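Data first, discussion second: the structure below is written as structure tokens.
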Amino acid sequence: MSAAAPPLSHRKAPKWLPYLLVSPTLVIVLVFTAWPTVQAVYMSFFRQYLNFAKFRTPTFIGLHNYRELFTSPDFLQVLKNTAIYVAGTVPASIVLAFLFALLVNRAVKGIGLARLGFFYPTILPMVSAATIWMFFFTPDYGLFNSLLETLGYHGPENWLGNPHLALLAVMIVAIWKNAGYLMIFYLAGLQNLPEDVFEAASLDGASWWTQLWKIAFPLLRRTTLFVSTIAIIDAFQVVDHIFVMTQGGPSGASTVLLYYLWQVRFEDQNVGLASALTVVLIVIMLAITITNFVLSEREGA
Amino acid sequence: MNSAKLRKRLTAVSLNALTAVLAAGWATIIVWAVVVSFRPSSEPLGRGDVWFGHALTFANYLKAWSLAPFGIYYRNTIIIVGMILIAQLMTITLAGFAFAHQEFWGKKAIFFFILLQLMIPAAALLVPNFSTIRKLGLFDTTLAVALPYFGSAFGTFLMRQAFLEVPRDLVDAGIMDGCSWWQLLWHIYLPPSVPTLVAFALSSISWHWNEFLWPLVVTLTERSRPLTIGLVRFTQLGEIGARWPLLAAATITVIAPLFLLFLIFQKQFIRSFLHSGLK
Amino acid sequence: MSLKQRVFSLAVLLLVLGLALAACGSKATSTPAPAATQAPAATEAPAATAAPKPVTIEVYYPVAVDAPIAKILNGYIADFEKANPNITVKPVFSGGYGDVKTTIQTTIEGGGKPPVLAVMLAADLYDLVNAGYVVPLDDFIKAMPNGSAYINDFFPAFMANSRYDGKIWSIPFQRSVVALYYNADLFQQEGIQPPNSWQALAEAAQKLTIPNKRWGIEWPSGWPYWLFQPLAIGSGQNIVKSPTEVVFNDPKVIAAVQYYIDLSHKYQAMPEGVQKNWGNAPADFAKGAAAMIVHSSGSLSGILSQAKFKVGVMAVPGKAPGTYATVTGGGNFYMLKGATPEQQQAAWKFIEFITQPKYAADFSIQTGYIATRKSAYDTDAMKAYIAKVPQAGQLKDMLQYAGAELSCMNLGKVRNIFHKYLQAAYNGQMTPEEAMQKAQQEADKALEMFK
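Residue numbers (the numbering used here), protein chains in the order written: chain Z, 455 to 755; chain D, 15 to 293; chain E, 100 to 550.
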């Protein structure tokens, strides 16, 4: 927050005016962020199944839901999948984003088209993108397999049905979609760098990449910190493509946290367990945003 | 030509080639969808035959529209996105103004409280928010999809920053002239902040046009379902199967308006996304 | 601000205004009354002479608003209202089976009034009864002049998921079975007889496989329990026994899992692992990339319209020679709690009306679902149709081999457990034995609290 003092206070405005002005925003945050957080914590101590009359009334069961979660092999697999998903998509998107930014940050004819090519996935709905990607992953004649085949790949082609590939497939789609979005932040960062960085780099063409990697990337540390926060949060909250491509399968191999939360609440109708999962997710989210806050404070505003 | 120059030239050429290959690869997705959406459905795809058919046809689009009420989905998406946009533009302007221009007790605390929305993304709160919507009696309405977004911590923050950059002299002059608070907001604060507002609006439109999980949970029938849900339901219709031309046509139908808008106003879009990320 | 920016801001402003207007002008209007009166007045006698009190009943139905089935149903409703002028039927079409169930769930939990009737999955029986959403239908059936004849006219296989606790809870309406589709022209070319056992099926599939060009058989398994069930039944043990008892670890079930795996590993006649091709399989079959597929009977009309060869349908061969198996699926009419007695009477009248042989036959002809009543197949319309599309008759004949669809308490959870381990076995992550033992353990745990 910048410390600029607001102008002279305004005589004509009544005292309650500022409260009135912020009230709509405040009410929304209260009702849809603060209250639900409290409610989730509260409900996580209860057993409530909506599909059975006798378990529909919430019964207090203490920490049972949490105990059930952390001893359930399903949940442990979900945590593992989520970790792989985040640890895989985030760095990959960032490296690609940086590469793309470097490539399109050159004054070459037609570079605008390339920038467009990298960025356009950002404005596609994830479900549309995933629908098209389904075709690319089709065994036998899907384009992704054809491409891999020409590159000498002869492994399994059944991406979405294979337990070792399904998660990778949804990760590929996420990386494809995110890299272009993250690119624009690097692009903006690069454009703010002093000219001589690029001159030094372009003098010796062969080491173009190494130089930029060694000079520009470190200079863009703040951008990277920022970009990784967006990417991490995104990785936790976008599961749309899983609904379209794998429904979390096969055998739960591509089920990640938010998708699991949806399943427990809306398929199993288990409100208590879903609330406990919500609390887990909130804790993770808070940990990420607070870490980011601390790190960027340390970097110096 | 000396060797350094040659090398530089070679690097440039290979970088161009790399750029071209990567960009083409990235674009294949949409290009394929467009091409195949015009392929006659009587020619199923097969090994090595996945692009153009023997003719171009518009039939897939007509068929897609006849199988699912895309018109209604369009209407719902537009209503949802429109409601959110109008509400947000008002709430963030007013709140941003209060935080930038006015002093009041508890200002800092309230500001930080509002920023809570940035720390806990709405997606995580799906379950409790769903029961709130139900208790409010809003289940399966377009308002249910839109309501949680009527206030935006991020937008408020953006507008506050924009208003803080309005020169003090201008504001003071306005006050001297006896402007009321809303005249001050309307004539002095808002005009220089329009670009910020537009940037926020664009990213809000694209974000909510594309949203899936929240509407999936709070909508049920055609009376409130947006395009994204409509598309997914369409792909699951038994009769659709793997008729890719039909699926591609449906997908393009959903993408088209935003995509065209994006092609025309590419720079504004990119700037808006840049803004919306820079906190 | 540059010119372009100005123009742009203006455009955004106009868009916003336009949206505002659109938002104001579009209060959701209810579906317009059906204009169609395609069929002449119904055979049912007109309502009693003394003008009865007007009644309105809502019926939830799992299709999209303007899907063909919605139009067909609107026609039937118009007929019904003509025959019963005091009853108004308000259909609500809402997407899929899951949506109908969710709507009812949310309405009831929100303290609202659910519809009087709904078509929901036959397999959801126990969940619906245990949730306390539905009422038994026995009183209405008993009140009929020949209630037991009415019930006995439904194919017993379709009634399998209607009875619980000594009562009848639902009336079959939109039903299907699992079928084995085969390319009859290819069979003839290769001199292959329609298979009558697992062994024969595997050999036929093997013979018809051409590597990289054509699979002998495709058997989707992205959502696998339903298409798997004919194997278990054909092996001599269905996977469900009672509302609180599933049978996953019986040696016969394990043998069925092994057979599925053998089709790809041993005979190399089927794609390996989990086949995420529910939609692709009929397309592959129609274009000749698969010589046989196992799929829903509901895919028949789509396949017939695309295939350029003679299409054969039959039940899935069983393990022992000369045995066959299939499983039923689809939706039944349920009556929901909370309606007035008049509404319930009207609703029952509607069920009786729409399940008449005449309508059952017409619905089957127009949609491809199997007519639920035996007498529907005696109607002239149906006879003419079967003369034209003999496959439709063959699908009906398969009902004699049909077992009940997986249905038990806590169904969502139990089904997910079964899917998880069945797919693990298909994908070779576990042996069939190991996978089914684990599935049994977890399912038993999920069912324990409901015993």
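Heads up, the beta-carbon is just placed ideally off N, CA and C, and yes, glycines get one too.
Since the model is a prediction, treat every value here as computed from it, not as a measurement.
Per DSSP, which one or two residues make a beta bridge with residue i?
i	result
residue 159 of chain D	None; residue 159 of chain D has no bridge partner.
residue 89 of chain D	DSSP lists no partner for residue 89 of chain D.
residue 264 of chain E	Bridge partners of residue 264 of chain E: none, in fact.
residue 500 of chain E	Answer is none; residue 500 of chain E lacks a bridge partner.
residue 156 of chain E	E:188
residue 378 of chain E	Residue 378 of chain E pairs with nothing; no bridge assigned.
residue 425 of chain E	E:501
residue 194 of chain E	DSSP lists no partner for residue 194 of chain E.
residue 394 of chain E	E:278
Do residue i and residue j have their CB atoms nearer than 7 Å?
i	j	result
residue 736 of chain Z	residue 138 of chain D	yes
residue 504 of chain Z	residue 723 of chain Z	yes
residue 427 of chain E	residue 182 of chain E	no
residue 219 of chain E	residue 430 of chain E	yes
residue 51 of chain D	residue 284 of chain D	no
residue 733 of chain Z	residue 502 of chain Z	no
residue 352 of chain E	residue 501 of chain E	no
residue 263 of chain E	residue 228 of chain E	yes
residue 467 of chain E	residue 411 of chain E	no
residue 305 of chain E	residue 368 of chain E	yes
residue 713 of chain Z	residue 738 of chain Z	no
residue 348 of chain E	residue 528 of chain E	no
residue 163 of chain D	residue 219 of chain D	no
residue 520 of chain E	residue 537 of chain E	yes
residue 334 of chain E	residue 354 of chain E	yes
residue 526 of chain E	residue 373 of chain E	yes
How should residue i be labelled, buried or exposed, when 16 other C-beta atoms within 10 angstroms of its C-beta is the threshold for buried?
i	result
residue 530 of chain Z	exposed
residue 522 of chain E	buried
residue 237 of chain D	buried
residue 76 of chain D	exposed
residue 212 of chain E	exposed
residue 603 of chain Z	exposed
residue 496 of chain Z	exposed
residue 278 of chain D	exposed
residue 539 of chain Z	buried
residue 151 of chain D	exposed
residue 66 of chain D	exposed
residue 38 of chain D	exposed
residue 751 of chain Z	exposed
residue 119 of chain D	exposed
Using 7 Å as the limit for Cβ to Cβ distance, is residue i near chain D?
i	result
residue 676 of chain Z	no
residue 261 of chain E	no
residue 390 of chain E	no
residue 707 of chain Z	no
residue 209 of chain E	yes
residue 198 of chain E	yes
residue 571 of chain Z	yes
residue 581 of chain Z	yes
residue 610 of chain Z	no
Establish whether the CB of residue i and some CB of chain E are separated by less than 7 Å.
i	result
residue 292 of chain D	With a pLDDT of 45 at residue 292 of chain D, under the threshold of 50, the modelled position of that residue is not reliable, and the figure given next carries that caveat. So no, residue 292 of chain D is outside the interface.
residue 740 of chain Z	no
residue 108 of chain D	no
residue 533 of chain Z	no
residue 162 of chain D	no
Quick check: is the beta carbon of residue i nearer than 7 Å to any beta carbon in chain Z?
i	result
residue 218 of chain D	no
residue 272 of chain D	yes
residue 528 of chain E	yes
residue 522 of chain E	yes
Checklist line | Secondary structure, beta strand (DSSP E): runs of 3+ residues fully inside the segment 279-358 of chain E | finding: 339-341
Item checked: Length-filtered (4 minimum) alpha helix (DSSP H) runs lying within the segment 122-176 of chain D -> 140-149 and 156-160
Next item on the list: Would you list, in sequence order, the uninterrupted alpha helix (DSSP H) runs of no fewer than 4 residues that lie entirely inside the segment 585-661 of chain Z?
Entry: 597-604, 620-645 and 649-657
Next item on the list: Can you check the segment 413-467 of chain E for any alpha helix (DSSP H) of at least 4 residues that lies completely inside it and give the ranges in chain order?
Entry: 440-453 and 456-466
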